[in-house]
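Asks: Pasting a structure below so you can have a look.
Protein chains: 2
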Amino acid sequence: MSKKFNVAVLGATGAVGREMIHLLQERNFPVSALTPLASARSAGKEIEFRGEKIKIKEATTSAFSGFDIVLGAVGSGLSRELAPAIKASGAIYIDNSSAFRMHDDVPLVVPEINPDDAKKHNGIIANPNCSTIITAVAVNPINKLSPIKSMTVSTYQAVSGAGAAGPIELQEQVKALIEGNPVTANVFQYQIAENLIPHIGSFLDNDYTDEEMKMQNEGRKIMHLPDLKVNCTCVRVPVVRSHSISATVITENPVSTADVAAVIADAPGCKLYDDKANKKYPMPLITSYQDIVYVGRIRKDLTNDNGIALWCCGDQVRKGAATNAIQIAELFL
Amino acid sequence: MSKKFNVAVLGATGAVGREMIHLLQERNFPVSALTPLASARSAGKEIEFRGEKIKIKEATTSAFSGFDIVLGAVGSGLSRELAPAIKASGAIYIDNSSAFRMHDDVPLVVPEINPDDAKKHNGIIANPNCSTIITAVAVNPINKLSPIKSMTVSTYQAVSGAGAAGPIELQEQVKALIEGNPVTANVFQYQIAENLIPHIGSFLDNDYTDEEMKMQNEGRKIMHLPDLKVNCTCVRVPVVRSHSISATVITENPVSTADVAAVIADAPGCKLYDDKANKKYPMPLITSYQDIVYVGRIRKDLTNDNGIALWCCGDQVRKGAATNAIQIAELFL
Numbered sequence: 000m001s002k003k004f005n006v007a008v009l010g011a012t013g014a015v016g017r018e019m020i021h022l023l024q025e026r027n028f029p030v031s032a033l034t035p036l037a038s039a040r041s042a043g044k045e046i047e048f049r050g051e052k053i054k055i056k057e058a059t060t061s062a063f064s065g066f067d068i069v070l071g072a073v074g075s076g077l078s079r080e081l082a083p084a085i086k087a088s089g090a091i092y093i094d095n096s097s098a099f100r101m102h103d104d105v106p107l108v109v110p111e112i113n114p115d116d117a118k119k120h121n122g123i124i125a126n127p128n129c130s131t132i133i134t135a136v137a138v139n140p141i142n143k144l145s146p147i148k149s150m151t152v153s154t155y156q157a158v159s160g161a162g163a164a165g166p167i168e169l170q171e172q173v174k175a176l177i178e179g180n181p182v183t184a185n186v187f188q189y190q191i192a193e194n195l196i197p198h199i200g201s202f203l204d205n206d207y208t209d210e211e212m213k214m215q216n217e218g219r220k221i222m223h224l225p226d227l228k229v230n231c232t233c234v235r236v237p238v239v240r241s242h243s244i245s246a247t248v249i250t251e252n253p254v255s256t257a258d259v260a261a262v263i264a265d266a267p268g269c270k271l272y273d274d275k276a277n278k279k280y281p282m283p284l285i286t287s288y289q290d291i292v293y294v295g296r297i298r299k300d301l302t303n304d305n306g307i308a309l310w311c312c313g314d315q316v317r318k319g320a321a322t323n324a325i326q327i328a329e330l331f332l
Numbered sequence: 000m001s002k003k004f005n006v007a008v009l010g011a012t013g014a015v016g017r018e019m020i021h022l023l024q025e026r027n028f029p030v031s032a033l034t035p036l037a038s039a040r041s042a043g044k045e046i047e048f049r050g051e052k053i054k055i056k057e058a059t060t061s062a063f064s065g066f067d068i069v070l071g072a073v074g075s076g077l078s079r080e081l082a083p084a085i086k087a088s089g090a091i092y093i094d095n096s097s098a099f100r101m102h103d104d105v106p107l108v109v110p111e112i113n114p115d116d117a118k119k120h121n122g123i124i125a126n127p128n129c130s131t132i133i134t135a136v137a138v139n140p141i142n143k144l145s146p147i148k149s150m151t152v153s154t155y156q157a158v159s160g161a162g163a164a165g166p167i168e169l170q171e172q173v174k175a176l177i178e179g180n181p182v183t184a185n186v187f188q189y190q191i192a193e194n195l196i197p198h199i200g201s202f203l204d205n206d207y208t209d210e211e212m213k214m215q216n217e218g219r220k221i222m223h224l225p226d227l228k229v230n231c232t233c234v235r236v237p238v239v240r241s242h243s244i245s246a247t248v249i250t251e252n253p254v255s256t257a258d259v260a261a262v263i264a265d266a267p268g269c270k271l272y273d274d275k276a277n278k279k280y281p282m283p284l285i286t287s288y289q290d291i292v293y294v295g296r297i298r299k300d301l302t303n304d305n306g307i308a309l310w311c312c313g314d315q316v317r318k319g320a321a322t323n324a325i326q327i328a329e330l331f332l
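So the protein lines, in turn, are chains G and E. Counting in numbering that gives the first Met the number 0, the first sequence runs from 0 upward without gaps. Counting in numbering that gives the first Met the number 0, the second sequence runs from 0 upward without gaps.
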């Protein structure tokens, strides 16, 4: 009989935590016991796993005992606070927050790209930023043709990226607009219904947001491209669940669109979806509730002979977060 | 007494035509008589102008007699069909369609950028593509610092760009989704509510759409940059009326963000709106029903020392179409 794992999901009531529990079941992960952990407010409530009701426990430093794997879906502050206790317990902590992503001794892993990095862990393995995962899955195959030197990226990020409250706020605003009622914004800086907000995360001194810099910083670590340069603009759009990315990739040597299409078609986690005659291109409408990244609109950059423009789209809650974390756990099966 | 003009609006019942009539009144254009022209279906109906009801006449080749200015807001097919009759009548035809934009003897004018080109007309003056106008108004001031060599652009285009039926379809789809009814798409290729469609216009052999190529082709003519190269991705978003553009501009020599901000602040038609501490950046929510282009998120391109990234936003129906056409007419006052 193959090994089964005692698994905890930290942040079990959030959008990503709930999806992790759903995926452990859907992907038939060998769970011997599941422990959902959340804030004191949720402790005592029940979640369902494999048809069984399981009580949520409070996530305190003393909660981590006996787990083989802890899947983290909490913010970076709480993650930093609890990580020492998780490490001390001997569990592998697969953390979806940004707390440890850039730490030298923490692997940052997209299993389709750098699975071997996961083996070098020191107790913590970080799950990358959602837009970065989706973009990296789409563009990394191009590195086989010629190393990527730089990217210019504009994102179209769904409201689910702000957690479970994001889609609720969008729905409430949409209803308020239809009914002619005042719109209130709590989760986002401004109304997001019928609007776009070019501000995700916190502004840094270089006038980029920390969210925008993740594409460069995390992209370098995941794709093993220490000199990768990325010019990224992150924009929130009134879409529920899938992130979309318009990317122009500059490679060391020119590559053809046919070769790019071929390596993307072959790459794990990617679906080449690029058939202009039949109006096939990635859209949130068709990519949500899936684990693969759709890639299309592949064409030559008209400004640079070494450039390729493309458009990709993937479910932010799944491949951009929960699925990627479970796939990291699956590397240890 | 200053001259007054006998004005016809061709396509008076469409989104742009209606806005043109509204703006002739709002901007106090010296109209001696206004004639709304539309299809046989609309002929006989009335529109209001300066508190007066005016009957719509059918737009046929024999309808053009006695006009000083014809403002065109019909598709390029009908525009091509009627243009010879308009020219023969001696009127100046200011055409919002793409029919004549790239003709050598037709000026393509954004009054803030190349007003003198309008004087060299041969009966027809073309109004540029909406996203191109908004982007050109935002980036053209940078040419004062150093000529623009190339741009990488991703658009976020409102549904109004598809005419009056676009916002109606979005609203119907939003309601259908809330009520759990099936969604139908007639105006757009797919559902646009809660979705993004990376396909505006028709696909060309180079895998770009004709809409995407307008940014390069029309941008060259408007800004007098014959060698400008543009890599453009056009995306329809579920926003009602303002287009937004994420642009990276590469100049011949490096320019500073402070200098870029200064020339944009000084430029006609632009509003510098770039104050990260106070969360001020252009958004459709704040730029609609105005004639100016908001520009913000100005920062250095991290991939190219000669690059500047920025984000701009403007009302597609107004500055992207109707206002620009009226401003061209105002050059003849």
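All C-beta atoms, glycine included, are put in the ideal place defined by N, C-alpha and C. Note that the coordinates shown come from a computational prediction; the quantities given were computed from them, not determined experimentally.
1. Are the Cβ atoms of G/Ile55 and G/Ala42 separated by less than 9 angstroms?
2. Since G/Leu122 contacts G/Ile91 with CB under 8 angstroms, what's their CB separation in whole angstroms?
3. Hey, could you find the ends of the beta strand (DSSP E) G/Arg296 is sitting in?
4. Does any C-beta atom of chain A lie closer than 9 angstroms to the C-beta of E/Lys220?
5. Nearest CA to the CA of E/Asn230: which residue from E/Lys220, E/Ala58, E/Ser149 and E/Ile199?
6. Hey, which unbroken runs of the beta strand (DSSP E) at 3 residues or more fall wholly within the stretch 94–152 of chain G?
7. Taking C-beta to C-beta, are E/Val69 and E/Leu9 nearer than 9 angstroms?
8. Is E/Lys213 close to chain G, meaning its C-beta is less than 9 angstroms from at least one C-beta of that chain?
9. Tell me whether the beta-carbon of E/Pro237 lies closer than 9 angstroms to the beta-carbon of G/Val236.
10. Which whole runs of the alpha helix (DSSP H) in the stretch 30–84 of chain E are 4 residues long or more, in chain order?
11. Give the residues from the stretch 156–172 of chain G that approach chain E closer than 7 angstroms (Cβ to any Cβ), ordered along the chain.
12. Hey, which unbroken runs of the alpha helix (DSSP H) at 4 residues or more fall wholly within the stretch 236–284 of chain G?
13. Counting only Cβ-Cβ distances shorter than 7 angstroms, please list the residues of the stretch 185–210 of chain G near chain E, keeping chain order.
14. For G/Ile297, decide whether its Cβ has a neighbour in chain E, counting only Cβ atoms nearer than 9 angstroms.
15. Counting pairs of beta carbons, one from the stretch 238–247 of chain G and one from the stretch 190–205 of chain E, are three or more of them closer than 8 angstroms?
16. By a C-beta neighbour count over all protein chains shown, 10 Å radius and 16 as the cutoff for buried, is E/His102 buried or exposed?
17. Once you ignore the five residues that flank E/Arg298 on each side, which residues in its own chain have a CB closer than 8 angstroms to its CB?
18. Please confirm if the stretch 314–323 of chain E is in contact with the stretch 282–296 of chain E, defined as three or more CB-CB distances below 8 angstroms between the two stretches.
19. Taking the alpha-carbon positions, what's the G/Cys174 to G/Val259 distance?
20. Fully enclosed by the stretch 162–247 of chain E, which beta strand (DSSP E) runs are 3 residues long or longer?
21. Measuring CB to CB, does E/Ser153 end up less than 9 angstroms from E/Lys213?
22. Would you say E/Met101 lies against chain G (beta-carbon separation less than 9 angstroms)?
23. Taking G/Ser130 as the query, report the chain E residues whose CB atoms sit under 9 angstroms from its CB, ordered along the chain.
24. Considering Cα atoms alone, identify which of G/Lys220, G/Leu203 and G/Ala157 is closest to G/Gly283.
25. CA-CA distance, E/Ser97 and E/Ser201?
26. To which residues does DSSP link E/Ile91 through a beta bridge?
27. I'd like the span of the alpha helix (DSSP H) that includes E/Leu22, first residue to last.
28. If distances are taken between C-alpha atoms only, which option among E/Thr232, E/Pro225 and E/Asp226 comes closest to E/Glu211?
29. If you check the beta carbons only, do E/His242 and E/Ile133 fall under 9 angstroms apart?
30. On the CB-based measure, 16 or more other CB atoms within 10 Å of its CB, does G/Pro225 come out buried or exposed?
31. I need the boundaries of the alpha helix (DSSP H) containing G/Asn323, first residue and last residue.
32. Tell me whether E/Asp116 is buried or exposed, calling it buried when 16 or more other Cβ atoms sit within 10 Å of its Cβ.
33. Is G/Gly306 helix, strand or coil by DSSP?
34. Determine whether the Cβ of E/Ser243 lies closer than 9 angstroms to any Cβ atom of chain G.
35. Please determine if the stretch 13–21 of chain G and the stretch 162–169 of chain G are in contact, where contact requires at least 3 C-beta pairs separated by less than 8 angstroms.
36. Decide if E/Asp346 is buried, meaning its Cβ has at least 16 other Cβ atoms within 10 Å, or exposed.
Replies: Straight from the coordinates:
1. Closer than 9 angstroms, so yes.
2. Just to set this straight, residue 122 of chain G is Gly in the shown sequence, not Leu. Between the beta-carbon of G/Gly122 and that of G/Ile91 there is about 7 angstroms, and that keeps the pair under the 8 angstroms contact cut.
3. Annotation for G/Arg296: the continuous beta strand (DSSP E) segment containing it runs Val292 to Lys299.
4. Among the protein chains in the structure shown, which are G and E, there is no chain A.
5. E/Ser149 is the residue among E/Lys220, E/Ala58, E/Ser149 and E/Ile199 whose C-alpha sits nearest the C-alpha of E/Asn230.
6. Positions of the beta strand (DSSP E) runs, each at least 3 residues long and wholly inside the stretch 94–152 of chain G, are given as 123–125 in order along the chain.
7. In contact: E/Val69 and E/Leu9 (Cβ atoms closer than 9 angstroms).
8. Look at E/Lys213: its C-beta is not under 9 angstroms from any C-beta on chain G.
9. Cβ distance < 9 angstroms, so E/Pro237 and G/Val236 count as in contact.
10. Correct list: empty.
11. If you check each beta-carbon in the stretch 156–172 of chain G against every beta-carbon of chain E, none falls closer than 7 angstroms.
12. Along the length of the stretch 236–284 of chain G, whole alpha helix (DSSP H) runs at least 4 residues long occupy 256–265, reported in chain order.
13. Result list: Gln188, Tyr189, Gln190, Glu193, Asn194, Leu195, Ile196, Pro197, His198, Phe202, Asn205, Asp206 and Tyr207.
14. Chain E, which has a Cβ nearer than 9 angstroms to the Cβ of G/Ile297, makes this yes.
15. Put simply, the stretch 238–247 of chain G touches the stretch 190–205 of chain E. At least three CB pairs are less than 8 angstroms apart.
16. Residue environment: E/His102 is assigned as exposed (fewer than 16 neighbouring CB atoms within 10 Å of its CB, all protein chains considered).
17. Excluding sequence neighbours, E/Arg298 sits near Thr256, Ile307, Ala308 and Leu309.
18. With a cut-off of 8 angstroms, the stretch 282–296 of chain E and the stretch 314–323 of chain E count as touching, because enough Cβ pairs lie within range.
19. Note that residue 174 of chain G is Lys in the sequence shown here, rather than Cys. So the alpha carbons of these two residues sit roughly 43 angstroms apart.
20. With a minimum length of 3 residues, the continuous beta strand (DSSP E) runs that stay inside the stretch 162–247 of chain E are 228–232.
21. No, Cβ-Cβ distance for E/Ser153 and E/Lys213 is not below 9 angstroms.
22. By this cut-off, E/Met101 is not an interface position.
23. Going along chain E, no residue has its Cβ under 9 angstroms from G/Ser130, so there is no contact; the nearest lies around 14 angstroms.
24. The question names Gly, but residue 283 of chain G in the sequence shown is Pro. That would be G/Ala157, whose Cα lies nearest to the Cα of G/Pro283.
25. Taking the Cα positions, E/Ser97 is about 13 angstroms away from E/Ser201.
26. Under the DSSP definition of a beta bridge, E/Ile91 partners with E/Ile68.
27. Ala14 to Glu25 is the extent of the alpha helix (DSSP H) around E/Leu22.
28. Cα-wise, what sits closest to E/Glu211 is E/Thr232.
29. For the pair E/His242 and E/Ile133, the CB atoms are nearer than the 9 angstroms cut-off.
30. By the Cβ-count criterion, G/Pro225 is exposed, with fewer than 16 other Cβ atoms from all chains shown falling within 10 Å of its own Cβ.
31. Thr322 to Glu329 is the span of the alpha helix (DSSP H), which, as asked, contains G/Asn323.
32. Label assigned to E/Asp116: buried.
33. Looking at G/Gly306 - three-state DSSP - the assignment turns out to be strand.
34. Answer yes: the Cβ-Cβ gap between E/Ser243 and chain G drops below 9 angstroms somewhere.
35. The stretch 13–21 of chain G is in contact with the stretch 162–169 of chain G.
36. No statement about residue 346 of chain E is possible, as the shown extent of chain E runs from 0 to 332 and does not include it.
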